[in-house]
Amino acid sequence: MSRRASSRSYLDRLTPALRETFHGLIDWYRRHARDLPWRRTRDPYRIWVAEVMLQQTRVDQAGPYYERFLRAFPTVEALAAASLDDVLRCWEGLGYYARARNLHRAARQLVAEHGGRLPTTYEALRRLPGVGPYTAAAVASIAFGEPRAVLDGNVIRVLTRVLAVADDARASATRRALQEVADALISDEEPGTFNQALMELGATVCTPVQPRCNDCPLREVCRARAMGDPTAFPVQTPRASVPHYEVALGLLFNEEGAVLIQRRPEDGLLGGLWEFPGGKREPGESLEAACARELHEELGVRVAVGPCLATVRHAYTHFRVTLYAFPCTLLEGVPRSRAGLPLRWVPLNELDHYAFPRANRRLIELLKQRRLQPDLFGQNPVR
DNA sequence: GAGACGTGGGT
DNA sequence: TACCCAAGTCT
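Going by our numbering, the first residue of the first sequence is number 176, and it counts up by one from there.
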């Protein structure tokens, strides 16, 4: 079963009949393609934005963001001229915020060095921050007609099923061999359409669960279907379970009723987004103590911690958190970020002007609902 | 190469 | 509830 990684290949499974059937995907696509916003444009910038938004993101979720983002930043120049905060605010809720930071950085790079135009080749696109093999192939083929095969989750699923690939689909040797197959199949006349056809098939017919094999144009040549259980492919190793953290957040109000927020470092998790100060509870520590300790460590102040006002649970990719929000009263000191992060006092009705992580935003919504019960805030009036 | 990096929907 | 995962990229 296992071969030397350097020699792994599935090209010998590409029979003439199978190649012919794959070629028919372009016609299938013309009849079944969904009408999606980014399929109505030839503008390379718009196609680029769409492909970045679609990384690890469902079409239904990206759709509204795509429209809104391009209204706000209709051109490379407009995106380059915007502040990162404005870009992140537009991206809030879409996740993987490095995509927005890289898009912004790449736009500035293009304006500074490339006349604000997108590169027209795979190799040149690949050099832009946030543009990996998938995005470079997608933009090069769809916007510029370059025959470069995309290999995304959809294509991997379709190919491993049709060819009954029993190797771990996440292994790099398998990826390379599948890329080789996709390169061998792609249409030289309509590479962009072929790429989208293969992805569309994976997204709408050859789905992870309950694939619609009876509607599949590849059903006659699909080895997985012949074997009886298409969902046995792609073969992947199960993920490890994720840790769960408890995080105490401090709601520190000033005399005007504004609350203190701080901006996260621009690299790493949720980079560049704003949040309430706080941090993880340590073993044997109460949540209230964790809140006071974190505010002391981060802001150099001593606070009295009131009763918990709200909790939010949230699942990230590789861990899980529960947020606990505590109203805090300043006892000693003036808040200053020890890490040199930007701090700001913000009236509750202006929190919408800042990009927050989803879990923080849900917390804000809960607190707004309780504005009519000022006693909940104890000695910290909301108004 | 393995792990970091978000979020929402489906089962 | 808990787990899976979706048009990936970076380090």
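Think of the CB as a built atom: it goes at the ideal place given N, C-alpha and C, for glycine as much as any other residue.
Rounded C-alpha distance that separates residue i from residue j
i: R214; j: Y309; result: 17 Å
i: R228; j: R477; result: Per the sequence shown, the amino acid found at residue 228 is Met instead of Arg. The alpha-carbon atoms of M228 and R477 are separated by roughly 42 Å.
i: P573; j: D327; result: In the structure as shown, the chain begins at 176 and stops at 558. Residue 573 is therefore absent and cannot be evaluated.
i: E321; j: S362; result: 10 Å
i: Q400; j: G425; result: Contrary to the premise, residue 400 reads as Arg rather than Gln in this sequence. Distance between the alpha carbons of R400 and G425: 55 Å.
i: C397; j: V380; result: 13 Å
i: L506; j: R246; result: 46 Å
i: G367; j: N329; result: 15 Å
i: N562; j: A256; result: In the structure as shown, the chain starts at 176 and stops at 558, and residue 562 therefore has no counterpart that could be examined.
i: E586; j: R513; result: Lying before the first or after the last residue shown, residue 586 is absent from the chain, which here runs from 176 to 558.
i: F197; j: V337; result: 10 Å
i: V496; j: R209; result: 37 Å
i: G403; j: R332; result: 16 Å
i: K455; j: A415; result: 22 Å
i: I436; j: G475; result: 15 Å
i: L427; j: E472; result: 15 Å
i: E540; j: I201; result: 46 Å
i: R179; j: V325; result: In this prediction, R179 scores a pLDDT of 47, lower than 50, which makes its location untrustworthy; the coordinate-derived value is nonetheless stated afterwards. Using only the alpha carbons, I get a separation of about 24 Å.
i: L334; j: L189; result: 11 Å
i: A348; j: E355; result: 11 Å
i: D187; j: C388; result: 24 Å
i: T458; j: L516; result: For clarity, residue 458 is Pro in the given sequence; the question names Thr instead. P458 and L516: Cα-Cα distance of roughly 27 Å.
i: G377; j: P304; result: 27 Å
i: T382; j: V306; result: 26 Å
i: R217; j: A312; result: 16 Å
i: N524; j: T504; result: 21 Å
i: A352; j: Y185; result: 6 Å
i: E226; j: E242; result: 13 Å
i: L254; j: A339; result: 44 Å
i: V434; j: L542; result: 12 Å
Cβ neighbour criterion (16 or more within 10 Å) applied to residue i
i: M374; result: buried
i: T296; result: exposed
i: M176; result: Residue placement at M176 is poorly supported in this model, since its pLDDT is 44, which falls under 50; the coordinates are not used for a value here.
i: D342; result: buried
i: R438; result: buried
i: G447; result: buried
i: Q231; result: exposed
i: R183; result: buried
i: P191; result: exposed
i: E267; result: buried
i: P532; result: buried
i: A237; result: buried
i: Q371; result: buried
i: N535; result: buried
i: V384; result: exposed
i: E450; result: buried
i: F244; result: buried
i: V417; result: exposed
i: A287; result: exposed
i: E395; result: exposed
i: R323; result: buried
Among the options, nearest to residue i - alpha-carbon criterion
i: Y420; options: N524, A465 and A299; result: A465
i: R205; options: P418, R495, E540 and F369; result: F369
i: G291; options: L338, C503 and R280; result: R280
i: G443; options: E242, W223, Q236 and A275; result: A275
i: A479; options: V306, V487 and L462; result: L462
i: P510; options: L470, E252 and L269; result: L470
i: A530; options: L259, A253 and T412; result: L259
i: Y220; options: E252, V234 and L193; result: E252
i: R194; options: Y499, A359 and R217; result: A359
i: G270; options: R519, R394, H489 and L285; result: H489
i: D390; options: R188, Y185 and H207; result: H207
i: P440; options: Q284, I222, Y272 and P294; result: Y272
i: R283; options: F248, I317, A313 and P502; result: F248
i: V314; options: V333, P304, L334 and L293; result: L293
i: T412; options: R387, R323, A344 and A378; result: A344
i: R519; options: R233, P452, F494 and D235; result: P452
i: S316; options: W223, P386 and D235; result: W223
i: N429; options: K543, P522 and T250; result: P522
i: F501; options: Y491, L285, G508 and L538; result: L538
i: E364; options: F319, R350, L498 and L445; result: F319
heavy atom of the ligand COA below 7 Å from residue i C-beta
i: D202; result: With respect to the ligand COA, the structure offers nothing, as it holds no ligand at all.
Notebook entry, point to check: Taking only runs of the alpha helix (DSSP H) that begin and end inside the segment 194-255, which ones reach a length of at least 4 residues, in chain order?
Noted result: Secondary structure remark: continuous alpha helix (DSSP H) runs of at least 4 residues inside the segment 194-255, in chain order: 200-207, 219-228 and 234-247.
- Message: To test your reading of the DSSP string, which unbroken beta strand (DSSP E) runs of 3 or more residues are found completely within the segment 414-469?
- Response: Segments of the beta strand (DSSP E) lying fully in the segment 414-469: 419-427, 434-438 and 453-455.
Q. Would you call the segment 398-412 and the segment 480-497 in contact, with 3 or more CB pairs under 8 Å?
A. With the cut-off at 8 Å, the segment 398-412 and the segment 480-497 do not touch.
Any contact between the segment 248-267 and the segment 298-312? By contact I mean 3 or more CB pairs, one from each, below 8 Å. Contact between the segment 248-267 and the segment 298-312 is not established, with fewer than three Cβ pairs separated by less than 8 Å.
Review point. Where are the beta strand (DSSP E) runs, 3 residues long or more, that stay fully inside the segment 322-353, in chain order?
Key: Secondary structure within the segment 322-353: not one fully enclosed beta strand (DSSP E) run of 3 or more consecutive residues is present.
At 3 residues or longer, and completely inside the segment 460-548: list those beta strand (DSSP E) runs for me, N to C. Entirely contained in the segment 460-548, the beta strand (DSSP E) runs reaching 3 residues are, in chain order, 477-480, 485-490, 495-507 and 518-521.
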